[in-house]
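To keep things clear, I will list the structure first and then write my remarks on it.
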Amino acid sequence: MTTDFKTRLEQQEAGLRRFDDRPLPEILRERAMPRPLWARRPMTSSGSELLNEVKAAAALSPAEAFCIYAHVPYCRTRCGYCDCYSFPLTPSRAPELADYPGYLEQEVCLWGRDNPTLRKKRLSTVHFGGGTPLTIGVDGLCRVVDRIREYFKLNESTELALESTSSDLNEKVLDDLMQIGFTRLHVGTQTLCDPIRRAIGRREPGKQVLEKIRYAVESGWTVSTDIIIGLPHYQEEDILADVAELTAAGVEGFSIYELVRSPRNRAFFEHHGILDPDITAMWRQYQYAFWLAEKHGFRLKIYNHMAKGRDDNRYFTSPSRGEDLLSFGTIADGYFGDFLYRHAELDEYRAGIVNGNPGLLGGLKRTDAESLYARLEREVRSGHPLPEPFVSILGPESALSLFQRWIAKGFLRVTDDGESTQLLANGSWFIQQMLDDIPINAIK
Ligand code: SF4
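The opening residue of the sequence shown carries number 62 in the numbering used here; numbering runs sequentially from there.
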């Protein structure tokens, strides 16, 4: 451990202890990810009315630009550690997989038809996530993109992005995707360390992943990837090697996550005996990943993504730019202004599409207070909260005391030029706690 990192770690620990004298692991276990509004209170709209409500919200929204997100819920096989909403491609799933690009196309038509406002707006990005979007094939992605081009306004600055496992990529696939217009790729690398890759069920050795990333970078792609803290046997020296090798290969962004336990991946935790992980070690690794990425010249883009160069990560950063989000596909979330909506799980979604509607689960509109809170939430999640919105929404005294508290806890620092702020690794780890610190009662 270098002195520089040791000092950072001690400062971060001191920040936490300033307000809390419980043992460190107890404090650290309070980490939680931000929850969307629909998970905090019941949705209020549903059924056939909902499509019209979302369209009305889209027509009224003041946002100048919007993003498109499409969810593909299939993977070749399920990786035991993953808690994404996806299904393994068993033979019985083959027919529905073949239908899925058509479902997405149908949705594009449903949203684009009779929607002149949306058709005129600038489209910032089209992002395919999952699951593994390439399970619908390059042809499937091409069909959906063509349909989006037919209904919405793409221009040369619209970014086409996709997430993928490395095993679904090869030179031909990358070249074909680029021909369609894709330029940003998020590769689920997890780690390059082969024993760990084998333990988590990755099919390719790290060397092969690096070769594919190098090829993509040399071909002009913007490539980002993940660091997942808490993988079995993952050590600080592995993080050190991963960040160095991936950076040298040309990666321009790292999303830093912690392995999250859910009912979908509980068996994996049981199998590896990590149901009760060493939370302090995980926190130290989380800190280390941030620190290393900074040393390699990456800067915080949003609270859990470090980037440099061309990596805008437009889909995940869209709220910071005040853009709306039109979403397609099962469980995909979207929003226009203060109206939020969510698609149903797969069977219900498919039934909806077959019946000529977009398979929505429900929607809800933020109250005035929720809308103001969401404004502040966006600031925090951007990784660079500015005081002005807090001053105008909470009043100068509350805003000042909130920022002072965050700085004292080591969640936040003022940038060297004094012009901005930046979340520290503690702020990222305790992102939900930062949001909980916002005094809702002070919202005017
Ligand atoms: S890690 Fe990627 S490939 Fe594996 S199940 Fe999750 S989404 Fe699918």
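Glycine included, each C-beta is placed from N, C-alpha and C at the ideal position. The structure presented is a predicted model; accordingly, all values stated were derived computationally and were not measured.
Here residue 194 is buried: its Cβ has 16 or more other Cβ atoms, across all protein chains shown, within 10 Å.
Taking a cut-off of 8 Å on C-beta distances, the stretch 269-284 touches the stretch 311-323, as three or more cross pairs fall below it. Per DSSP, residue 406 is not a residue of any beta strand (DSSP E), being assigned neither H nor E.
For residue 268, the enclosing alpha helix (DSSP H) covers residues 267-279. Rounded to the nearest whole angstrom, the CA to CA distance from residue 161 to residue 393 is 14 Å.
Near the ligand SF4, residues with a Cβ at less than 6 Å from any of the ligand's heavy atoms are 136, 139, 140, 143, 145, 147, 191, 192, 193, 226, 249; the list follows chain order.
The C-beta distance from residue 389 to residue 131 rounds to 4 Å, short enough to meet the 8 Å contact threshold. Taking 4 residues as the minimum length, the alpha helix (DSSP H) runs contained wholly in the stretch 121-196 are 155-173, 177-181, in order along the chain. Taken in chain order, the complete beta strand (DSSP E) segments of 3 or more residues contained in the stretch 277-351 are 283-290, 314-319.
Taken through DSSP and simplified to helix, strand or coil, residue 110 comes out as helix. Counting C-beta atoms within 10 angstroms of its own C-beta, residue 384 has 16 or more neighbours from the protein chains shown and is therefore classed as buried.
Counting only runs of 4 or more residues that sit fully inside the stretch 190-249, the alpha helix (DSSP H) segments are 198-212, 232-241, in chain order. Here residue 175 is exposed, its C-beta having fewer than 16 other C-beta atoms within 10 Å.
The stretch 314-328 makes contact with the stretch 127-144: 3 or more CB pairs, one atom from each, lie closer than 8 Å. Shortest Cα-Cα distance from residue 128 to any of 105, 179, 159, 153 involves 179. By the CB criterion at 8 Å, residue 363 and residue 443 fall inside the cutoff.
Counting along the chain, the unbroken beta strand (DSSP E) around residue 483 starts and ends at 482-484. For residue 371, there is no enclosing beta strand (DSSP E), as DSSP gives it neither H nor E.
Boundaries of the beta strand (DSSP E) around residue 388: 385-389. For residue 501, there is no enclosing alpha helix (DSSP H), as DSSP marks it with neither H nor E. Between residue 189 and residue 223, the C-beta gap is smaller than 8 Å, which places the two residues in contact.
The distance from the Cβ of residue 471 to that of residue 484 is about 10 Å, inconsistent with a contact at the 8 Å cut-off. Residue 335 sits away from residue 266, with the two beta carbons spaced by 8 Å or more. If you compare the alpha carbons of 236, 469, 488, 474 with that of residue 75, the shortest gap goes to 469. Rounded to whole angstroms, the gap between the alpha carbons of residue 330 and residue 260 is 12 Å.
Of the candidates 434, 445, 423, 423 places its Cα closest to the Cα of residue 107. Contact between residue 496 and residue 438 is confirmed by a C-beta separation of about 6 Å, below the 8 Å threshold. Going by DSSP, residue 364 is part of no beta strand (DSSP E) at all; its letter is neither H nor E. Take the alpha-carbon of residue 245 and the one of residue 146: they are about 22 Å apart.
For residue 426, the uninterrupted beta strand (DSSP E) run begins and ends at 421-426, by DSSP. For residue 447, there is no enclosing beta strand (DSSP E), since its DSSP letter is neither H nor E.
With fewer than 16 other Cβ atoms inside 10 Å of its own Cβ, residue 501 counts as exposed.
In the structure shown, residue 358 adopts coil according to DSSP, grouped into three states.
Taking C-beta atoms as the reference points, residue 491 and residue 78 fail to come closer than 8 Å.
With respect to residue 186, residue 232 sits apart: the two C-beta atoms are not nearer than 8 Å.
Contact check for residue 208 against residue 170 passes: the beta carbons are separated by less than 8 Å.
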